[in-house]
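Written out below as structure tokens is the structure these notes cover.
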Amino acid sequence: MKKNLFYLFALICSMSLFTACSDDDDEVKSLPEVNASYVSSELELTYGGEVLLGKKVTFNTADGKSADITLEGADIALTKETMASGLVNPGVIPGEPKVTFSAALQPAESGYTFAGEHVADNYSMKYEGAVEKGKLNLALEVKLAGDNALAGNTWNLFSYDPYAEKNPLHVVWNSEKPFSVVLFPFPGAQPVELQPGAFITLMSAMGIIPVGDKKMGVNEILSCLLQSVTFREDGNIVASYSDVADIVSPKFQNSPLNMVQYAVKNEKLYLYLNVDAIIGAVQKMTTKGLDMETVLPVVLPKLMELIPMLSSGIPLGYSVNEEGNELAVYIDKELGSKLIDILLSLLENEEIVAAIKEAATSNPDFAMFAGVVEAILEQAPEVFAKTNEMELGLNFVK
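Residues -19 to -1, 1 to 379, numbered by mature numbering (1 follows the signal peptide of the UniProt record, and there is no 0), are exactly what the sequence shown covers, in order.
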């Protein structure tokens, strides 16, 4: 009898063990259903309360109790045959190509939920999300760390004033070989030496660009297109801008969140663009008087060298005065030299140079400067190649 009871007890224990193992096996088998990389329609990602596109979130749990979550840019499927494949969007957090953190999981009806805070050297991040087979939702609230004069401040574009020392356009461009041009052709006129920056400053101040029923200069046009930029603490840049169509009577509006983000690293300002939006704009681009089919084959090899910047960030120089109330943001020589290479490749193409000359001579407002334009085009390769200082950008004030 005792032996029979022992066998019965052993049988019950064995059944319990098999059942427990079976349950464990079911749980383990269910885990791979949520372990995946989520992109596009599978991913609902918000950053600062607004949808953030072009990213990838990888979810991996081994025990259903905690998960490793990785945030990074998603691959971009480019449709143009002339552009490179394999381009990757910038990371989710500005300045961080890839972020991995661990989150505690709570079982849900068809997956898991999770929430918490992740703190790193360069940022802190609050997160809340849910995952199920084929779908991941994640909401992020980020604050960049570090002390810089930009974060949390709104900077207004310098007002246009033809008599002021500073205007919206920030220009410093010097070359070992300046231009030599006759600015005003009259009998006995002698050529004068002009640095590239001085030439740009001179031309930008002239009201020779037709806008509606009047003529405007570059600085005045800039003041009608951009009012201010705000560097948010979460790494977003919000611009108060007006459409080109409303340039005569500007109607300023704020740019959407998550279109342009920034990070300050190694005394540089890095911009991270919404690549999908940029590609969409390029594909719709048309240029009157100059066929893009002519331009693209010339500039494309050089442009391809800049493509990685869309992932790693566009490096810009910036400076703040001692009082902390004036800001200049600009393309410096590091990036400028790459852009100069593109300009030089354009100027080596006779068809493109001819189109520029024709545009200058056919416009009555530019006709008087046709000789200057021709001289600049002829001398530009040597002048540009010998550039030793460059700052091209915008001036702002608090």
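Glycine is no exception: its CB is placed at the ideal position from the N, C-alpha and C atoms. If you're wondering where the values come from, they're calculated on a predicted model, not measured in any experiment.
What do you get for Leu183, buried or exposed, if any count of 16 or more other CB atoms within 10 angstroms of its CB means buried?
exposed
Out of Gly29, Leu33 and Gly216, state which residue places its alpha-carbon closest to the alpha-carbon of Asp128.
Gly216
Mark residue 382 as exposed unless 16 or more other C-beta atoms lie within 10 angstroms of its C-beta, in which case mark it buried.
Outside the modelled stretch of the chain, which goes from -19 to 379, sits residue 382, for which no answer is possible.
By the DSSP assignment, the beta strand (DSSP E) with Gly216 in it spans what residues?
Looking at the DSSP string, Gly216 is not in any beta strand (DSSP E), and its letter there is neither H nor E.
In the DSSP output, what is Asp49 paired with across the bridge?
Asn41 and Ser83
Name the one or two DSSP bridge partners that Ser105 has.
Val100 and Lys124
Between the Cα of Gly30 and those of Lys114, Leu119 and Ala89, spot the shortest distance and give me the residue it belongs to.
Leu119
How far does the beta strand (DSSP E) with Val173 in it reach, from first residue to last?
Val173 to Leu175
Under a three-way DSSP split, which group does Glu370 fall into?
strand
By DSSP, does Met349 sit in helix, in strand, or in coil?
coil
For the beta strand (DSSP E) that Asp313 lies in, which residues bound it at each end?
Glu307 to Asp313
Does the contact criterion of 3 or more C-beta pairs under 8 Å hold for the segment 36 to 54 versus the segment 134 to 144?
no
Apart from the five residues on each side of it in sequence, which residues of its chain come closer than 6 Å, Cβ to Cβ, to Lys232?
Ser223
Would a C-beta distance cut-off of 7 Å place Tyr253 and Pro71 closer than the cut-off?
yes
Residues in the same chain with beta-carbon distance under 7 Å from Pro172, minus the five sequence neighbours each way, listed in chain order, please.
Ser161, Val162 and Val163
Would you call the segment 150 to 159 in contact with the segment 350 to 365, where contact means no fewer than 3 C-beta pairs closer than 8 Å?
yes
Go to Ile202, then tell me how far its alpha helix (DSSP H) extends in each direction, as first and last residue.
Val199 to Leu206
Helix, strand or coil for Phe233 per DSSP?
coil
Return yes when the C-beta of Asn369 is under 6 Å from any heavy atom of the ligand FAD, and no when it is not.
Of the ligands one can find in the structure shown there are none, so the ligand FAD has no counterpart to examine.
Starting from the Cα of Cys205, find the closest Cα among Ala170, Pro149, Pro166 and Asp44 and give me that residue.
Pro149
Could you tell me which of Ser326, Glu23 and Leu34 sits nearest to Pro237, measuring between CA atoms?
Leu34
Give the straight-line distance between the Cα atoms of Ile357 and Tyr19, rounded to the nearest whole angstrom.
52 Å
Once the 5 residues before and after Lys116 are set aside, which same chain residues still bring their CB inside 7 Å of it?
Glu23
Exposed or buried, what is Ala84 when buried is set at 16 or more other beta-carbons lying within 10 Å of its beta-carbon?
buried
Taking a contact to mean a Cβ-Cβ separation below 7 Å, would you say Met69 touches Gly92 in this structure?
The sequence given here has Val at residue 69, not Met. Their beta carbons are not under 7 Å apart, which means Val69 does not touch Gly92 by this criterion.
CA-CA distance, Ala186 and Thr135?
26 Å
What's the gap between the Cα of Lys107 and the Cα of Leu325?
47 Å
Using a C-beta cutoff of 7 Å, does Gly54 count as contacting chain B?
Absence of chain B from the displayed structure is noted, only one protein chain being present.
Between Asn376 and Lys147, is the Cβ-Cβ spacing less than 7 Å?
yes
For Pro75, does the count of other Cβ atoms within 10 angstroms reach 16, so buried, or fall short, so exposed?
buried
Below 8 Å on the Cβ atoms is my guess for Asn137 versus Ser209; work out the distance and round it to an integer in Å.
5 Å
Expressed to the nearest angstrom, what Euclidean distance is found between the alpha-carbon atoms of Thr27 and Tyr299?
29 Å
Alpha carbon to alpha carbon, how far is Phe40 from Ala96?
14 Å
I need the boundaries of the alpha helix (DSSP H) containing Leu291, first residue and last residue.
Met290 to Ser293
Can you tell which of His99, Ala340 and Asp313 has its C-alpha closest to the C-alpha of Gly374?
Asp313
Would you mind sorting Glu14 into buried or exposed? The rule is 16 or more other CB atoms within 10 Å of its CB.
exposed
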